[in-house]
Amino acid sequence: MKIEAVDWFYLSMPEVQDIADGSQDALLVRVQAGGLEGWGECEAAPLVSIASWCCPMSHAACKPLRDSVLGQRIDDPADIARIGRLVREQSLDLLQTPHTLSGIDIALWDLLGRRLGEPVWRLLGYPRAHPKTPYAFSLFGDTPHETHAKALRVRTAGYRAAKFGWGPYGHGGAAEDAAHVRAAREGLGEDAALMVDAGTVWGDDPAPARERLAALREARVLWLEEPFVSGALEAYAALSREAAPVKLAGGEGCHSVHMARHLLNYGALGFVQIDAGRIGGITPAKAVADLAAARGVTYVNHTFTSHLALSASLQPYAGLAEHTLCEYPVEASPVAVAIAATPLRPDAQGYVHAPEGPGLGVTVHPARIRPYLVEAELRVGGHVLYRTPDL
0 MKIEAVDWFY LSMPEVQDIA DGSQDALLVR VQAGGLEGWG ECEAAPLVSI ASWCCPMSHA
60 ACKPLRDSVL GQRIDDPADI ARIGRLVREQ SLDLLQTPHT LSGIDIALWD LLGRRLGEPV
120 WRLLGYPRAH PKTPYAFSLF GDTPHETHAK ALRVRTAGYR AAKFGWGPYG HGGAAEDAAH
180 VRAAREGLGE DAALMVDAGT VWGDDPAPAR ERLAALREAR VLWLEEPFVS GALEAYAALS
240 REAAPVKLAG GEGCHSVHMA RHLLNYGALG FVQIDAGRIG GITPAKAVAD LAAARGVTYV
300 NHTFTSHLAL SASLQPYAGL AEHTLCEYPV EASPVAVAIA ATPLRPDAQG YVHAPEGPGL
360 GVTVHPARIR PYLVEAELRV GGHVLYRTPD L
């Protein structure tokens, strides 16, 4: 079958606040071929990504992504990999390419799984999908008291693991950050796993991160996530040598397998976190999961938006039995909640499972997302390059 149409839907909350919540808007992609459709989601600025799909060609290595996708055959997993290679070759100089390709790749896997009647994880070669322990991710509160209250809510909801991050962490003194970490531990209780996300706040400077290690050890934090930007390999390696038993986590900012490989080879990570909506989709995320397993590094998904994105992020490591943690969105905005009509709920034992249904196993109902649809039009030289399509 051939790819007949690729439609983009820009969704947003009525007001987007200046906070570290990536679920306030969304970009969904619908791919149609052979009378079927598949859905994907990009973790990216919607209008910029739409522009990369349809912008005029600048030169031979700076073509719109549509030139590499529309009309292509999609019959088996090898076709998805082939299309991805073509996109990267022909849109090499469009820096938004990995973000936009992510949604396309995810939608192609969803479509192919629906055509073949198989879940994506089985098409990836896994004989079974292993249960994952979801960890709730919450932003640190403005005060330690608010952080404590959030942790209590997470504990009451039954989560056995939680991560707190961003907010004020790293922007004040080490003593203030220690108070937040203690509050999180006290609210969660002694038995729950606790992780901390610094949100790249220290750039490439290990010194302020070192000042936080004692408090992290005292609170028995499992990992410190993204103390530095993804490319600060020397800083990651240096802090990792000093942080034990706290491990370092990172990788959500990786836009390619090569970036993730560098972090694995030179950053001394204990956990690598890949966002299928950023790295280029499920295809490269699976390659990183294979690399991590071979190097003894634990693979973890990065997901803070919808359950469509959650399902996509689970597929690359669904069959890795020893890689058991799963980031689970608990503070998603109403627009993110509306995307998936069939959310992935924890089972009676508290585990999350990659769906057994065909494709991603998640249904997108137009009526649920229509209230958040943003009408947009991209026009160049009097020609309309994009107009919000019909749902």
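For the sequence shown, counting from 1, position 160 maps to 159 in numbering that gives the first Met the number 0; every step adds exactly one. By construction, the Cβ of each residue, glycine as well, lies at the ideal position given by its N, Cα and C atoms.
1. Measuring alpha carbon to alpha carbon, tell me which residue in Thr387, Leu372 and Cys253 is nearest Arg378.
2. What residue does the beta strand (DSSP E) around His382 start on, and which one ends it?
3. Contact check, Ser101 vs Val373 under 8 Å by CB: the rounded distance?
4. Mapping DSSP to helix, strand and coil, what is Arg190?
5. Buried or exposed: Gly318, going by 16 or more other Cβ atoms within 10 Å of its Cβ?
6. Could you spell out the range, first to last residue, of the beta strand (DSSP E) harbouring Val30?
7. Within the continuous alpha helix (DSSP H) that includes Trp52, where are the two ends?
8. Less than 8 Å between the C-beta atoms of Ala267 and Ser239, yes or no?
9. Assign Gly166 to one of two classes, buried (16 or more other C-beta atoms within 10 Å of its C-beta) or exposed (fewer than that).
10. Along the chain, where does the beta strand (DSSP E) containing Pro357 start, and where does it finish?
11. For Val153, which of Ser67, Leu111, Ala218 and Tyr134 has the nearest alpha-carbon?
12. Can you check which of these residues, Ser255, Ile2 and Ile105, is closest to Arg34 by C-alpha distance?
13. List the endpoints of the continuous beta strand (DSSP E) containing Val379.
14. Inspect the CB distances between the segment 268 to 283 and the segment 301 to 319 and report whether three or more fall short of 8 Å.
15. Pull the bridge partners of Ile2 from the DSSP assignment, please.
16. Give a yes or no on contact between the segment 65 to 79 and the segment 255 to 267, applying the rule of three or more CB pairs nearer than 8 Å.
17. According to DSSP, is Gly276 part of a helix, a strand, or is it coil?
18. Return the CA-CA distance between Phe303 and Phe163, expressed in angstroms with no decimal places.
19. Give the DSSP bridge partners of Arg72, in chain order.
20. Please look up how many angstroms separate the CB atoms of Gly391 and Gly157, rounded, as I've assumed it's under 8 Å.
21. Which class does His364 belong to by DSSP, given the choice of helix, strand or coil?
22. If we ignore side chains and look at the alpha-carbon of each, how far apart do Arg113 and Leu215 end up?
23. At what residues does the beta strand (DSSP E) containing Thr132 begin and finish?
24. Indicate the three-state DSSP secondary structure (helix, strand or coil) for Gly164 in the structure shown.
25. Compare the beta carbon distance of Ile103 and Val30 with 8 Å and say whether it is the shorter of the two.
26. My understanding is that Ser51 touches Cys41, with C-beta atoms under 8 Å, so please give their C-beta distance in whole angstroms.
27. Can you tell which of Ala4, Gly252, Ala242 and Arg294 has its C-alpha closest to the C-alpha of Tyr265?
28. Among the candidates Ser229, Leu94, Gly269 and Thr146, whose CA atom is the shortest distance from the CA of Glu251?
29. Looking at Ala183 and Thr146, is the spacing between their C-beta atoms short of 8 Å?
30. Count the other CB atoms, across all protein chains shown, that sit within 10 Å of the CB of Gly269; report buried if there are 16 or more and exposed otherwise.
31. Gly39: buried (16+ other C-beta within 10 angstroms of its C-beta) or exposed?
32. Taking the alpha carbon of Leu232 as the point to measure from, which residue in Thr199, Trp222 and Ile368 has its own alpha carbon closest?
33. Quick one: give me the first and last residue of the beta strand (DSSP E) that Arg326 is part of.
34. If we ignore side chains and look at the alpha-carbon of each, how far apart do Phe139 and Gly380 end up?
35. When DSSP builds the beta bridges, which residues end up paired with Asn300?
36. DSSP has Lys246 in a bridge; who is on the other side?
Inspection of the coordinates gives the following:
1. Counting from 1 along the sequence shown, the entry for residue 378 is found at position 379. Closest option to Arg378, Cα to Cα, is Thr387.
2. Within the sequence shown, the letter at position 383 stands for residue 382. That run of the beta strand (DSSP E) goes His382 to Arg386.
3. Looking up residue 101 in the sequence shown gives position 102. Looking up residue 373 in the sequence shown gives position 374. With 8 Å as the limit, Ser101 and Val373 do not qualify as a contact, their Cβ atoms being about 20 Å apart.
4. Here the question's residue 190 lines up with position 191 in the sequence shown. The amino acid at residue 190 is misidentified as Arg; the sequence shows Asp. Asp190 falls in the coil class under three-state DSSP.
5. Numbered from its first residue, the sequence shown carries residue 318 at position 319. It counts as buried.
6. Within the sequence shown, residue 30 is the residue found at index 31, counting from 1. Per DSSP, Val30 belongs to the beta strand (DSSP E) from Asp24 to Ala32.
7. By one-based count along the sequence shown, residue 52 stands at place 53. According to the DSSP assignment, Trp52 belongs to the alpha helix (DSSP H) that extends over Pro45 to Cys53.
8. Here residue 267 corresponds to residue number 268 of the sequence shown, with the count starting at 1. Here residue 239 corresponds to residue number 240 of the sequence shown, with the count starting at 1. In this structure, Ser239 lies closer than 8 Å to Ala267 by Cβ.
9. Stepping through the sequence shown from its first residue, residue 166 is reached at position 167. Per the 10 Å Cβ criterion, buried.
10. In the sequence shown, the residue the question calls residue 357 occupies position 358. Element bounds for Pro357: n/a, residue is neither H nor E.
11. Within the sequence shown, residue 153 is the residue found at index 154, counting from 1. For the residues Ser67, Leu111, Ala218 and Tyr134, the minimum Cα distance to Val153 belongs to Tyr134.
12. What you label residue 34 is simply residue 35 of the sequence shown in a count that begins at 1. The sequence shown places Gly at residue 34, not Arg. With distances taken between CA atoms, Gly34 lies nearest to Ile2 out of Ser255, Ile2 and Ile105.
13. For the purposes of this step, residue 379 is identified with residue 380 of the sequence shown, where counting begins at 1. If you look at Val379, you'll find it in the beta strand (DSSP E) that goes Glu376 to Val379.
14. The segment 268 to 283, when compared against the segment 301 to 319, does touch it at the 8 Å Cβ threshold.
15. Indexing the sequence shown from 1 puts residue 2 at position 3. For Ile2, which the question treats as bridged, DSSP gives the partners Ala32.
16. When Cβ pairs closer than 8 Å are counted between the two stretches, the segment 65 to 79 is seen not to touch the segment 255 to 267, the count staying below three.
17. Numbered from 1 along the sequence shown, position 277 holds the residue referred to as residue 276. In this structure, Gly276 counts as coil in the three-state DSSP scheme.
18. Mapped onto the sequence shown, residue 303 falls at position 304. Mapped onto the sequence shown, residue 163 falls at position 164. Rounded to the nearest whole angstrom, the C-alpha separation of Phe303 and Phe163 is 12 Å.
19. Locating residue 72 in the sequence shown gives position 73, where the first residue counts as 1. The partner list for Arg72 (beta bridge, DSSP) reads Lys1.
20. Nothing can be reported for residue 391: it is not among the residues displayed for the chain, which extend from 0 to 390.
21. Residue mapping note: residue 364 aligns to position 365 of the sequence shown, counting from 1. Correct three-state label for His364: coil.
22. Translated into positions along the sequence shown, residue 113 becomes position 114. Translated into positions along the sequence shown, residue 215 becomes position 216. The alpha-carbon atoms of Arg113 and Leu215 are separated by roughly 45 Å.
23. Residue numbering aside, residue 132 sits at position 133 when the sequence shown is read from its first letter. Taken as a continuous stretch (DSSP letters only), the beta strand (DSSP E) holding Thr132 covers Thr132 to Leu138.
24. As a working note, residue 164 is residue 165 in the sequence shown. Assigned with DSSP and collapsed to three states, Gly164 falls in strand.
25. For the purposes of this step, residue 103 is taken as residue 104 along the sequence shown, with counting starting at 1. For the purposes of this step, residue 30 is taken as residue 31 along the sequence shown, with counting starting at 1. Yes, these two residues count as a Cβ contact at 8 Å.
26. In the sequence shown, the residue the question calls residue 51 occupies position 52. In the sequence shown, the residue the question calls residue 41 occupies position 42. Approximately 10 Å separates the beta-carbon atoms of Ser51 and Cys41; this is outside 8 Å, ruling out the contact.
27. Taking the sequence shown and counting its residues from 1, one reaches residue 265 at position 266. The residue among Ala4, Gly252, Ala242 and Arg294 with its C-alpha nearest the C-alpha of Tyr265 is Arg294.
28. Translated into positions along the sequence shown, residue 251 becomes position 252. Residue Ser229 is the option with its Cα nearest to Glu251.
29. Position 147 of the sequence shown, counting from 1, holds the residue named residue 146. Position 184 of the sequence shown, counting from 1, holds the residue named residue 183. In this structure, Ala183 lies closer than 8 Å to Thr146 by Cβ.
30. As a first step, residue 269 is located in the sequence shown; it is residue number 270 there, counting from the start. Around the CB of Gly269, 16 or more other CB atoms lie within 10 Å, so the residue is classed as buried.
31. On the sequence shown, residue 39 is found 40 positions in, with the first residue counted as 1. Counting Cβ neighbours within 10 Å, Gly39 comes out buried, since at least 16 surround it.
32. Position 233 of the sequence shown, counted from the first residue, corresponds to residue 232. Answer by Cα proximity: Thr199.
33. Residue numbering aside, residue 326 sits at position 327 when the sequence shown is read from its first letter. The sequence shown places Glu at residue 326, not Arg. DSSP places Glu326 in the uninterrupted beta strand (DSSP E) bounded by Leu324 to Pro328.
34. Within the sequence shown, numbered from 1, the residue matching residue 139 stands at position 140. Within the sequence shown, numbered from 1, the residue matching residue 380 stands at position 381. C-alpha separation (whole angstroms): 47 Å.
35. Taking the first residue of the sequence shown as position 1, residue 300 is located at position 301. Bridge partners of Asn300: Ile273.
36. Translated into the one-based positions of the sequence shown, residue 246 becomes position 247. In the DSSP output, where bridge partners are listed per residue, Lys246 has Trp222.
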